[in-house]
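Counting from 55, one number per residue, gives the positions in the sequence shown under the numbering used here. Everything on this sheet refers to the single structure shown next.
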Amino acid sequence: MNDSDSSPSPRPVRFRNPRAAHNFQGRTCSIVGVGSYVPERVLTNADLEKMVETSDEWITTRTGIKERRLAAENETTSDMGAEAARRALARAGVSPEQVDLIIVATVTPDMVFPSTACLIQHKIGAHRAAAFDLEAACSGFIYGLEVGQQFIASRTCDTVLVIGAEKLSSIVDWQDRNTCVLFGDGAGAAVLQHRPNTHGLLTVCMGADGSKGDVLCLPAGGSAKPASPETIAQRLHYIRMDGRETFKNAVQAMLTAAREAMDRCEVSIEDIACIVPHQANLRIIDAVGSRLGAKPEQVYVNLHKYGNTSAASVAIALDEAVQEGRIRQGDLVLLVVFGGGFTWGSAIVEW
Ligand code: UT7
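What follows is the structure in C-alpha cells.
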C-alpha cells in the first residue's frame, strides 16, 4: 500500500467526457498482466450425444459451442484460479508478495466459507494480501475490475489481483440437455496497478436487475433452501435457466452496456480494436456485434473451445486475445458481459 505517489501525472486524457471524469480523479489503473488456465479434460459435443438427447448439429447451430473443458474430480475452483493468477503475475513481472488485494469472482466457490480468494491467497503465497470473493455470476470479472480499480484509484492498494474462476461442472445438471451442453470450467486473472503515463481502464459500467433473479439461478443450497434430501431429489442444487428469456435480456443489456461505455469515453465502434464479449452463445455475440456495427474481425470468440465459463469467460478470452496478438499496446478494448442476477457490465481499456 502506498500513500505517497510522486509519479508524474498521466498524459492528457484522450477521450474527454465529463461522465468519464470520475475515473481520473484518483490514480489511473492499468491491467499490467493477464493469465488463464483451463483444465485438460475435453468434453466434446459427440461425448454429450452419449449422455443426453442432443446432437452436435443442435449445439453448434444454437450456441456455437463445439467442446468445453472439465476440471478433474479433485481439481477445485481455487486450484484453477491460483494457476491463472500465477500466470498473470508472471506476465506482469509482479511477485505474489507484492499483491495487496485478491478479488475472486465466482459462483462455484470451493466451499461457502472460507472464501476462494483466501484459499488462492494461500496457494500462491500472497501473504500480504487481503482477500474476498465477489458474486455477480457471469458479470463478476467486470465487477471485480471496477472494485479493484477503485482500490488503486484511492491509493488504498498498489497491486490488485482480480480472478474469475469457475467449476461449473459441479453445479450443472448432467441430465438436463437445456443447460448441460452450455457450460465449462476454467479461470482467468488480471493484475491491476497504476502505471505512470498510461490510462488503462478508461471506464467501467455495471448494472443489475434483481427482479429477474429466478430466470437463471441455483435454487437450493443457500440459506433460503438449505440442502436436504428433498432439494436433492428435486435436483434444485443444479443450474436452472429459462434460455430464451436469458438470451433476450442478454442481447439488450450487453448492447446498452457497450453503448454506455463508448458514449462515456466518446469513442465509436471504429475506434475499438477488439471487442471481448462474455462467451455464452455465438448468436448473442453476433447479435450484439452486428447491432453495434462491429466487423466480425473486431470481435473475439473462443466459446467453441470452452463453452460458457461464467465469471472466467471474459477473463480467459481477454488473455487469449492478448496472447494471440489480437490486442496490442495502445489498442482500445471493449469488454461486455451479462449474467445471472441479472447482472451486466462493460469496460473500455486502453491497452
Ligand atoms: O451466462 C449467462 C448468459 N447465458 C446465456 O446467455 C444463455 C442464453 N440462452 C441461450 O443461449 C439459448 O436460449 C439456448 C442455447 C439455451 C437455447 O437456444 P434456443 O434457440 O433459445 O432454444 P429453445 O430454448 O427455444 O429450445 C428450442 C428447442 C426446444 O424444443 P421444443 O420445445 O421446441 O420442442 C428444446 O427442448 O430445442 C430443444 N433443446 C434441445 N434440443 C437438442 C434444448 N436444448 C437442447 C439440446 N439438444 N441440448
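All C-beta atoms, glycine included, are put in the ideal place defined by N, C-alpha and C.
Is it the case that the CB of residue i approaches a heavy atom of ligand 1 more closely than 7 Å?
i: W301; result: Checking the displayed sequence, the identity of residue 301 turns out to be Phe instead of Trp. Under cutoff, so the answer is yes.
i: L389; result: no
i: N232; result: yes
i: T117; result: yes
i: R298; result: yes
i: N99; result: no
i: A334; result: yes
i: V235; result: yes
i: T108; result: yes
i: I323; result: no
i: W405; result: no
i: W112; result: yes
i: F186; result: no
i: E192; result: For clarity, residue 192 is Cys in the given sequence; the question names Glu instead. C192 Cβ: within cutoff of ligand 1.
i: L270; result: yes
i: A304; result: yes
i: I338; result: yes
i: N251; result: no
i: F392; result: yes
i: N356; result: no
i: N128; result: no
i: S223; result: no
Counting along the chain, where does the beta strand (DSSP E) carrying residue i start and finish?
i: L222; result: Where L222 is concerned, there is no enclosing beta strand (DSSP E), given that its DSSP letter is neither H nor E.
i: L124; result: 121 to 124
i: V413; result: Beyond the ends of the chain as shown, which are 55 and 405, falls residue 413; an answer cannot be given.
i: A183; result: That residue, A183, is in no beta strand (DSSP E); it is neither H nor E in DSSP.
i: V235; result: Where V235 is concerned, there is no enclosing beta strand (DSSP E), given that its DSSP letter is neither H nor E.
In the DSSP assignment, what are the bridge partners of residue i?
i: S90; result: G242
i: E200; result: The partner list for E200 (beta bridge, DSSP) is empty, contrary to what the question assumes.
i: I326; result: The partner list for I326 (beta bridge, DSSP) is empty, contrary to what the question assumes.
i: R95; result: L124
i: D187; result: V158
i: G384; result: Looking at the DSSP assignment, G384 forms no beta bridge with any residue, so it has no partner.
i: V390; result: P331, S400
i: I178; result: Answer is none; I178 lacks a bridge partner.
i: T213; result: Q247
i: I85; result: L246
i: V353; result: I329
Alpha carbon to alpha carbon, what distance is there between residue j and residue i?
i: A207; j: H248; result: 8 Å
i: V411; j: A366; result: The structure shown has nothing for residue 411, since the chain only spans 55 to 405.
i: C234; j: I225; result: 10 Å
i: I157; j: G276; result: 21 Å
i: F195; j: T108; result: 31 Å
i: A334; j: G218; result: 15 Å
i: E378; j: A183; result: 31 Å
i: M260; j: V161; result: 18 Å
i: L389; j: G238; result: 20 Å
i: R380; j: K349; result: 14 Å
i: L290; j: L255; result: 39 Å
i: H181; j: E200; result: 23 Å
i: D101; j: N251; result: 50 Å
i: R313; j: Y197; result: 17 Å
i: D268; j: G395; result: 8 Å
i: E137; j: Y91; result: 6 Å
i: D133; j: V88; result: 17 Å
i: E111; j: T117; result: 10 Å
i: D212; j: A287; result: 48 Å
i: Y354; j: F167; result: 35 Å
i: C272; j: R294; result: In the sequence as displayed, the identity of residue 272 is Leu instead of Cys. Rounded to the nearest angstrom, the two C-alpha atoms are 6 Å apart.
i: H76; j: E121; result: In this prediction, H76 has a pLDDT of 48, which is less than 50 and means its spatial position is unreliable; what the coordinates show is noted afterwards. Distance between the alpha carbons of H76 and E121: 41 Å.
i: S169; j: A159; result: 10 Å
i: D385; j: G135; result: 27 Å
i: A171; j: I402; result: 25 Å
i: A281; j: S344; result: 43 Å
i: T257; j: N128; result: 38 Å
At which residues does the alpha helix (DSSP H) containing residue i begin and terminate?
i: D110; result: 110 to 117
i: G399; result: Taken as a continuous stretch (DSSP letters only), G399 belongs to no alpha helix (DSSP H), being part of the beta strand (DSSP E) at 397 to 404.
i: K359; result: 357 to 360
i: S406; result: Residue 406 lies beyond the range of the chain shown here (55 to 405); nothing can be said about it.
Exercise. Could I get the ranges of all uninterrupted alpha helix (DSSP H) runs contained in the region 245 to 324, with 4 residues as the minimum, in chain order?
Key: 283 to 287, 297 to 319
Practice problem: Starting from the N-terminal side, write out each stretch of the beta strand (DSSP E) that is 3 residues or longer and does not extend beyond the region 146 to 174. | Solution: 155 to 159
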